[in-house]
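**Q** Sharing a structure, written as structure tokens. Questions coming.
Protein chains: 2
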Amino acid sequence: MLTITFEDQGRQPLYQQLYSRIKEEIEAGRLAAGARLPSKRKMADHLKISLTTVENAYAQLSLEGYVASREKRAYYVRPVEKMTISPVAPEPPRARVPRVPARRYLFDLSTSRVSLKGFPFSIWTKLMRESLRDESASLLEPVPPQGDLALRREIVNYLRQFRSMRVTAEQVVVGAGTEYLLGLLTELLPGAVFALENPNYHKPARIFQSRRVKFAAISMDQEGLSLAGLTKTQASVALVTPSHHFPLGTVMSVGRRRQLLQWAAARPGRYLIEDDYDSEYRFALKPVPPLHSLGSGQQVIYLNTFTRTLAPSLRIAYMVLPPGLSELYERKLAFYACPVSEFEQCALRKFIEGGYYERHLNRLRNLYRARRDVLMQRLAPLAGAFSLAGQAAGLHLLLTSRQGWPEEKMIRLAAQNEVRVYGLSSYYLGRAAASTVIIGYAGLEEAELGQAAARLVAAWGGG
Amino acid sequence: MLTITFEDQGRQPLYQQLYSRIKEEIEAGRLAAGARLPSKRKMADHLKISLTTVENAYAQLSLEGYVASREKRAYYVRPVEKMTISPVAPEPPRARVPRVPARRYLFDLSTSRVSLKGFPFSIWTKLMRESLRDESASLLEPVPPQGDLALRREIVNYLRQFRSMRVTAEQVVVGAGTEYLLGLLTELLPGAVFALENPNYHKPARIFQSRRVKFAAISMDQEGLSLAGLTKTQASVALVTPSHHFPLGTVMSVGRRRQLLQWAAARPGRYLIEDDYDSEYRFALKPVPPLHSLGSGQQVIYLNTFTRTLAPSLRIAYMVLPPGLSELYERKLAFYACPVSEFEQCALRKFIEGGYYERHLNRLRNLYRARRDVLMQRLAPLAGAFSLAGQAAGLHLLLTSRQGWPEEKMIRLAAQNEVRVYGLSSYYLGRAAASTVIIGYAGLEEAELGQAAARLVAAWGGG
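Right under this line is the structure:
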């Protein structure tokens, strides 16, 4: 029979020590497959331990498949595979090369940043506390797959009031960011070929590639997505940004909107995805009504996000499906749990409901308009050599060299003055040459923007 | 050679008809193991169909393990264990019936509910307030795609302490629920054929269907996922639940764990996805070490979630990638923004860091153990007619009729007493008959469970 020295000072309970000891014997082959373990009683007597201890050890061995019991009482050793791979835990993988940026910048005019001043921390904290206090039971219930119903109703009200859209809460699907929702759409519309505006922000193309979904990049003209380009492809679903194209800033003409709606209505299974991203930020003109409100509402999938108006790290976006697709969604995709925390859906609902969201947007528009104005004013000395675009909406400007400087030159000169700007060509799929840089201003305060602009004037003044 | 009458009016493509016909022959034993199929060319000539049609049919048979090809061209019938399921089963189209429950229940013993008492509201509120107050700047910064680094470090500590795993924060990816992470894995491993345990909870199969990813459902035996079943398929990635199978409660034996690790190590590109779901809830015995800690760590993708231990509506899960896949992730998928709110990642990090999570788990274990005990005690009068399983872990029991009552009968009689229980067969892909019902006890309090159990005894007492 086994001899076991129990470690008194050991932190392991006795039954675990016994379990480990027998396991070792089995793994070393000293207790061969088929061998019968001593009865629990005998083992307990032999080792001067309680019967319960032996029972627990045997149960653990049995649970892990080292032994099996037959005829109720007797335990036999089971055949255990010999390991060909080392069971010893490997060294943790070496740290990767630290990603030291090649260059330090004083000012980064990235378009992906937002104002740190903008987020309404105190109100959000209050609403979060209220949600946790008042709605504790419902917070723990499973959330409907499309998202919290009360939040969806608030979104419907908001869209009616500010975007002239008449939709129902059943059509709304809340998701963890636009990219999540785009992914869902590729599953909702299997076999569809997607058309993308070119240039574009990088995500949609990468999502389609990663999901092995076919897509075509369509060039832009002055009115928006090129219809001639679109009809040349097999695309059945076009992803467009009619309110404000990123990064060109183009607002889609009404003529083009109508043409696209006609294109979509011409064949079953055709849809337009209207990404209304950034539509909240219009400074010069009144908001353009969305594509969605122009047509019958049967062909347009409307997408928007709270990422740009609240915080990038709060992952809440939504889409509005046409009624036909909404039924399809319920049949095909409602098995997916809503990926957004119910706690935050509840806080956001209170935020919109209480009128905080509207006030917040007004404050942000003023904040960003002031930033844009400082930037434009301080860039004025460049007006002779560069043309400016994109100032009416969104949170970035485009600056194009009138003499056709390649963008690399502009980026390099700016970098020498410790300011980071971004080339337009990087937003194109495929090769493109450009003389345009993009300047995002949402992430810096007015004083910083003034300094950054002064450095750009110094860098490019000779242009 | 086979004679096949193709149905012209049939909705099925020709290759599927051919595939089904050959499959029938194999399952009926008319095409015996070892028999050689006619060459593709001969089959095509014989049936007057295209070579491609035959190729597609053979490929499908091969994928599902009915035939194997040797010496490049010839296909042989493989020994088929009786298949009760057809992989890639099409989803039965659900009618959009009005969602009025046909029947009202006093007690719903669903496995998807958790305790409303369990969630630590006051601590969570405090930590959320602290996060919003102290970390306001970092909350607004873009989050690393894999999730908040400090949270990932806490997860690494937790895994080392409680699951004997040695991993680094670089290997951890935080996502909005297990289903989100499974979706990412289908993109990380394009072309992989996934193997699922059958029975299983429904989500993985639906995700794979929705993403049009190939998968095979593999039967379970006493030790876990059937290795024989697995090796008959073309599967390269097996999703398993070694700690505690849902719904059967099986704990995978060490022998089977080793066999699976060897299977995975035998060919590059093979992986095991270890879903460690529910491993926190063990009442009788010490936790079984994860598959991950048994092997070299190169073949196992570890998955776990906070959904079952915190709240289903807090969508936070994570996976640990082996170093090779972690680098691949960074190259291929790091463009996806982390879908989990940084606010909640921050609160969760503080929750683990402050020791609250460990205490919370201990409290939950006690709470659920008490609920289980009440339920078992009150179900004792049924012991003669029903056998009980699954009491050692997880949050549900399995009750099987010793006389082979069909589960429908048990469900119906329970419903007449206003208690809702769930049939085991609904967790199988494909047809299955069972005499077992599943009783989840996490969502009801002790007094309610006592009443529900008394009603079950009344309902089934004659059994």
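Listed in order, the protein sequences are those of chains A and B. Note that my numbering numbers the first sequence so that position 142 is 174, with each residue one more than the last. Note that my numbering numbers the second sequence so that position 76 is 108, with each residue one more than the last. For every residue, glycine included, the Cβ atom is placed at its ideal position computed from N, Cα and C.
1. Between which residues of its own chain and arginine 302/A is the CB-CB distance below 6 Å, once the five residues before and five after are set aside?
2. Have a look at the DSSP bridge pairing and note the partners of glutamate 229/B.
3. What does histidine 277/B reach in chain A if we use C-beta pairs closer than 9 Å?
4. Applying the 10 Å Cβ sphere with the 16-neighbour rule, what's the burial state of glycine 179/A?
5. Can you look up asparagine 336/A in the DSSP assignment and give me helix, strand or coil?
6. Residues in its own chain within less than 7 Å of leucine 353/A by CB, not counting five upstream and five downstream?
7. May I have the straight-line CA-CA distance separating threonine 84/B from serine 142/A, to the nearest angstrom?
8. Take glutamine 48/A and list the residues in its own chain whose beta-carbon comes closer than 8 Å to its own, dropping the five residues that flank it on each side.
9. Quick check on aspartate 307/A: buried or exposed, where buried means 16 or more other Cβ atoms within 10 Å of its Cβ?
10. Taking CB distances under 8 Å as the criterion, tell me whether lysine 246/A reaches chain B.
11. Let me check one thing: in DSSP terms, what residues is threonine 468/A bridge-paired to?
12. List, in chain order, every chain A residue whose beta-carbon is nearer than 9 Å to that of histidine 392/B.
13. Can you give, in chain order, each stretch of the beta strand (DSSP E) that sits fully within the region 345 to 390 of chain B and has at least 3 residues?
14. Using a Cβ distance threshold of 8 Å, determine whether the region 402 to 411 of chain B contacts the region 171 to 187 of chain B, with at least three qualifying pairs required.
15. Could you work out which residue in Ser82/A, Arg192/A, Ala412/A and Ile470/A is closest to leucine 280/A when comparing CA atoms only?
16. Let's test the definition: count the other Cβ atoms within 10 Å of the Cβ of threonine 218/B and tell me whether it reaches 16, buried, or not, exposed.
17. Is the CB-CB distance between tyrosine 98/A and valine 453/B below 8 Å?
18. Please identify the residue among Lys264/B, Gln266/B, Ser275/B and Phe247/B whose C-alpha is closest to the C-alpha of glycine 256/B.
19. Mind pulling the chain A residues with CB within less than 7 Å of glutamate 255/B?
20. Tell me the DSSP secondary structure of arginine 145/B in three-state form.
21. Note down, in chain order, all residues in the region 359 to 370 of chain B with a beta-carbon under 9 Å from any beta-carbon belonging to chain A.
22. With which residues is phenylalanine 418/A paired in a DSSP beta bridge?
23. Hey, is the region 142 to 151 of chain A in contact with the region 482 to 490 of chain A, meaning 3+ C-beta pairs nearer than 8 Å?
24. Would a check of beta-carbon distances place glutamate 376/A closer than 8 Å to chain B?
25. CB serine 345/A to CB leucine 365/B, shorter than 8 Å?
26. Quick one: using the 10 Å Cβ neighbour count with 16 as the cut-off for buried, is glutamine 330/A buried or exposed?
27. At a CB-CB cut-off below 9 Å, which residues of chain B make contact with threonine 496/A?
28. Quick one: any contact between the region 370 to 388 of chain B and the region 230 to 237 of chain B, if contact means 3 or more CB pairs under 8 Å?
29. Which chain A residues are close to proline 222/B, counting only those with a beta carbon under 7 Å from its beta carbon?
30. So which residues on chain B does glycine 386/A lean against when the C-beta distance must stay under 7 Å?
31. Straight-line CA distance for alanine 425/A to glycine 209/B?
32. In terms of DSSP beta bridges, what is glycine 207/B paired with?
33. Mapping DSSP to helix, strand and coil, what is valine 188/B?
34. Would you decide whether serine 258/B is buried or exposed? Buried here means 16 or more other CB atoms lie within 10 Å of its CB.
35. Once the 5 residues before and after glycine 327/A are set aside, which same chain residues still bring their CB inside 6 Å of it?
36. Are the CB atoms of isoleucine 384/B and tyrosine 190/B within a distance shorter than 8 Å?
**A** Taking the structure as given:
1. Cβ within range, chain order: Ser268 and Ala296.
2. Beta-bridge pairing links glutamate 229/B to Ile250/B.
3. Those within 9 Å of histidine 277/B in chain A number zero; the least Cβ separation is about 12 Å.
4. Result: buried.
5. Strand at asparagine 336/A.
6. Here the set comprises Gln203, Val205, Ile333 and Tyr361.
7. Across the structure, threonine 84/B and serine 142/A are spaced so that their CA atoms are roughly 52 Å apart.
8. Here the set comprises Ala89 and Gln92.
9. Residue environment: aspartate 307/A is assigned as buried (16 or more neighbouring CB atoms within 10 Å of its CB, all protein chains considered).
10. Not one chain B Cβ lies under 8 Å of lysine 246/A.
11. BP columns for threonine 468/A point to Thr432/A.
12. The CB of histidine 392/B never comes closer than 9 Å to any CB in chain A; the least such distance is about 14 Å.
13. Listed in chain order, the complete beta strand (DSSP E) runs (minimum 3 residues) inside the region 345 to 390 of chain B are 349 to 352.
14. At 8 Å Cβ cutoff, the stretches do not touch.
15. The shortest Cα separation from leucine 280/A among Ser82/A, Arg192/A, Ala412/A and Ile470/A belongs to Ile470/A.
16. By the neighbour-count rule (16 or more Cβ atoms within 10 Å), threonine 218/B is buried.
17. With contacts defined by Cβ atoms closer than 8 Å, tyrosine 98/A and valine 453/B do not form a contacting pair.
18. Cα-wise, what sits closest to glycine 256/B is Ser275/B.
19. Within chain A, the C-beta atoms nearer than 7 Å to that of glutamate 255/B come from Gly97, in chain order.
20. Under the three-state reduction of DSSP output, arginine 145/B falls in the coil class, being neither helix nor strand.
21. Under the 9 Å Cβ criterion, the region 359 to 370 of chain B contributes Glu359, Glu362, Lys364, Leu365, Phe367, Tyr368, Ala369 and Cys370.
22. Note: phenylalanine 418/A sits in a beta bridge opposite Ser433/A.
23. Between the region 142 to 151 of chain A and the region 482 to 490 of chain A there are fewer than three inter-stretch CB-CB distances shorter than 8 Å, so the stretches are not counted as touching.
24. True, the Cβ-Cβ gap to chain B drops below 8 Å.
25. One thing to note: serine 345/A has its Cβ no nearer than 8 Å to the Cβ of leucine 365/B.
26. Exposed: under 16 other Cβ atoms inside 10 Å.
27. Lying outside 33 to 495, the shown extent of chain A, residue 496/A is not represented and no answer is given.
28. Here the region 370 to 388 of chain B makes no contact with the region 230 to 237 of chain B; the two share fewer than three CB pairs at distances below 8 Å.
29. Within chain A, the residues near proline 222/B are Arg244.
30. Within chain B, not a single residue places a beta-carbon under 7 Å from that of glycine 386/A; the smallest gap is close to 17 Å.
31. Approximately 36 Å, taken between the alpha carbons.
32. Ala349/B.
33. Helix, per DSSP.
34. Residue environment for serine 258/B: buried (at least 16 other C-beta atoms within 10 angstroms of its C-beta).
35. Within the same chain, glycine 327/A has close Cβ partners Leu293.
36. A contact, by the Cβ cut-off of 8 Å.
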